[in-house]
Amino acid sequence: MNETDKPASLNFIEEIIEEHLKTGKNDGRVHTRFPPEPNGYLHIGHAKSICLNFGLAKKYNGLCNLRFDDTNPSTEDIEYVDSIKEDIHWLGFDWAGREYYASDYFQQLYDWAEKLIMIGKAYVCDLAAEEISEQRGTPTRPGKESPYRNRPVEENLDLFRRMKAGEFPDGSKVLRAKIDMASPNMHMRDPILYRIIHEHHHRTGDNWCIYPMYDYAHGQSDSIERITHSICTLEFEVHRPLYNWFLDTIDIYHPQQIEFARLNLSYTIMSKRKLLELVEGKYVSGWDDPRLPTLSGLRRRGYTPEAIRFFAEKVGVAKRDNVIDVALLEFSIREDLNKRAPRTMVALNPLKVVITNYPEGKTEEMEAVVNPEDPSSGTRKVPFSRELFIEREDFMEDPPKQFFRLFPGNEVRLKYAYIIKCDKVIRDTGTAEVTEVHCTYDPESRSGMSGSNRKVKSTLHWISARHCIPVEVRLFDRLFIKENPDEVEEGKDFKSNLNPDSLKVITGCADPAMDEVKPPDKFQFERLGYFSVDPDTTAEKPVFNRVVSLKDSYGKVKN
RNA sequence: UGUCCGAUGGUGUAACUGGCAACACGUCUGACUCUGGAUCAGAAGAGUCCAGGUUCGAGUCCUGGUCGGACAACCA
């Protein structure tokens, strides 16, 4: 990179931060946080947020906390906090012990609630949930004030303390802020601060039966942690006045909330609710199904943290709604794996080739490059013999003019081995399916020999029939057939756009060296794509997931 | 009928904050190649939602529209 180049442009959040740095706001501190709710698994959209928050902290020599927004015991679970921590670490970020929970602040939050009551800014409301929602009005029609709105401070305090003491059943009372039922912003119409939930919390156990709402907990948690920039997604933009109101009214340190547009990816869904529906409805094998955009799914699929971080950077940060082309994600992983994945040859759909003029029983060890992109990777040995398997797709008896591969009378090179010529096609007498192709080889054309310098249109991958081992290969395609899975006809939902062919399981013929692979080893199957060893692998049977295919310009002319 | 936000090639993001629209992905050529990959070279593709205005000059500023999104869980 040329240092005289223009400085890389900043995204709008970095501009805000640099402005703050310039004016000395926050004493030059930059402190962010990633605040997941432990009620689901992280997905690629969260990865964008994680990279943003931890990335900003790193860039500006600041800190980024991990904070679980665990204010609703009825949907949250320890299983999720564990998976979330694992995913963030896997992605390559660390919070250095600053692992916090909104529930750590329940007492402080409670004390501030009493303060709000005492200064006349909060009251206990006995209305039923339906009544509250009814009286809230609509975005275009103002709400009505609760009959309990003007309860005396002493009564509010007493009632709130008794709520906390567990004297009242779920749903019977809530604590509300006293703001403005006529506000054009729905969130300012006396929002609920506390509700009664008699449920066991994964961290605080049974200490509490009243729990703070998101709006009441989030900003104050930011404040307690001295967060400088509280970065969240666009849907919280309308909440910002309320975020500010709490901080100003309670009168504590005031972080700045900044909203950005969440990530959307074509041909997939990002909604936690829908992801959960696919998992629970067994449309996929679990949260880590390799077709899912969850981090655990992508990891199992074979995506690397490097590729995801690269992707997150390429995607950018702005405020307008966006749909990123999955092709960019695929580009990201190819870019990474091309440089580091060892090559191997596998026939996914094998077709037998007999080299009729090659001595029976003879075996040669061919020398192959491990990775041509990495000179330090060295070479490997590949056994060659009279009977081989090639890819069925690489042979056509009656090919179109654009087809350069094997066909009767044509010569192709077997990578790292010999040039062969197709002489004869053997068919099954019943089905007429091609079962074998007979070829002859040119003994002078072995790689490295002078006879190998001949120009041949095509080079094929192959595997020795006698030496190869069977491997299970899982071929994934996009989970949805539509770019926007939510685009459905009346009465149907996103599941009607599920791709019935998103998973194909086949048995391929692989290099014998593949018998000692272990997850998460990654390879390039030459000419096919990148494959990652699945945890289902056993000593008897390696299992590979196709991460992504190689770019295929012939596939395009074919269609 | 409200409030808030947004609008730049097919997609995403830029434009030193008023100076003749750039980068990436994708697409298409060509070169090279023992991966129809990679690499290299190049091309097409937007005149910046619309209409006015300010200005020598506007994607950037002003006014008025249009379109899109968010907001009416005791979810986050």
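Under our numbering, the letters of the first sequence match residues -7 to 551, in that order. Don't be surprised by glycine CBs; every beta carbon is placed ideally from N, CA and C. These numbers come from a predicted model, not from an experiment.
Query, Result
"Residue environment, Met559, which counts as buried when at least 16 other CB atoms sit within 10 Å", "Any property of residue 559 remains undetermined from this structure, which presents the chain solely from -7 to 551."
"Residue range of the beta strand (DSSP E) that includes His23", "His23 to Phe26"
"Reduced DSSP category for Ser442 - H, G, I as helix; E, B as strand; rest coil", "helix"
"Burial state of Ile5, where buried means 16 or more other Cβ atoms lie within 10 Å", "buried"
"Classification of Ile579 by the beta-carbon crowding that lies within 10 angstroms, buried from 16 upward", "Since the displayed the chain opens at -7 and closes at 551, residue 579 lies outside it and no answer follows."
"Local Cβ density within 10 Å of Val116, reported as buried at 16 or more and exposed below that", "buried"
"Rounded straight-line distance, which links the Cα of Thr451 to that of Val539", "23 angstroms"
"Leu83 and Arg301 closer than 9 angstroms at C-beta", "yes"
"Alpha carbon of Ser488 to alpha carbon of Lys373, nearest angstrom", "48 angstroms"
"For Ser263, the three-state DSSP class (helix, strand or coil)", "coil"
"Straight-line Cα distance separating Ser213 from Tyr97", "7 angstroms"
"Check whether Pro285 and Ile261 have beta carbons under 9 angstroms apart", "yes"
"Span of the alpha helix (DSSP H), counted from its first residue to its last, around Ala105", "Phe98 to Met110"
"In DSSP terms, what Trp87 is bridged to", "Paired residues: none, contrary to the question."
"Beta-carbon proximity of Asn45 to Ile223, cut-off 9 angstroms", "yes"
"Span separating the alpha-carbon of Ser541 from that of Gln516", "9 angstroms"
"9 angstroms Cβ cutoff met for Pro233 and Leu101", "no"
"Secondary structure of Val276, DSSP reduced to three states", "coil"
"Distance CB(Asp62)-CB(Tyr93) smaller than 9 angstroms", "yes"
"Spatial distance of Leu185 from Arg168 (CA atoms)", "5 angstroms"
"Beta-bridge partners of Ser437, as assigned by DSSP", "Answer by DSSP bridge pairing: none, since Ser437 is not bridged."
"Sequence-distant residues of its chain with Cβ nearer than 6 angstroms to Lys550 (five each side left out)", "none"
"Entirely enclosed beta strand (DSSP E) segments - the stretch 344 to 368, minimum 3 residues", "356 to 361"
"Asp198 (DSSP reduced to helix, strand or coil)", "coil"
"Backbone CA spacing between Arg153 and Lys165 [nearest angstrom]", "12 angstroms"
"Spatial distance of Gly16 from Glu7 (CA atoms)", "14 angstroms"
"Inter-residue spacing [alpha-carbon to alpha-carbon] between Glu606 and Arg332", "Missing from the structure shown is residue 606; the chain here goes from -7 to 551 and no further."
"Where Arg378 falls: helix, strand or coil (DSSP)", "coil"
"Every unbroken beta strand (DSSP E) inside the stretch 119 to 176 [3 residues or more]", "166 to 169"
"Through-space distance from Gly197 to Lys514, alpha-carbon basis", "43 angstroms"
"Chain-order list of residues whose beta-carbon lies under 7 angstroms from that of Val271 (same chain, five-residue window excluded)", "Gly278 and Trp279"
"Rounded straight-line distance, which links the Cα of Pro400 to that of Ser444", "21 angstroms"
"Spatial distance of His23 from Asp243 (CA atoms)", "20 angstroms"
"Reduced DSSP category for Pro233 - H, G, I as helix; E, B as strand; rest coil", "helix"
"Cβ contact (3+ pairs, closer than 8 angstroms) linking the stretch 319 to 336 and the stretch 411 to 423", "no"
"Paired residues, beta bridge with Tyr93 - DSSP", "Phe60"
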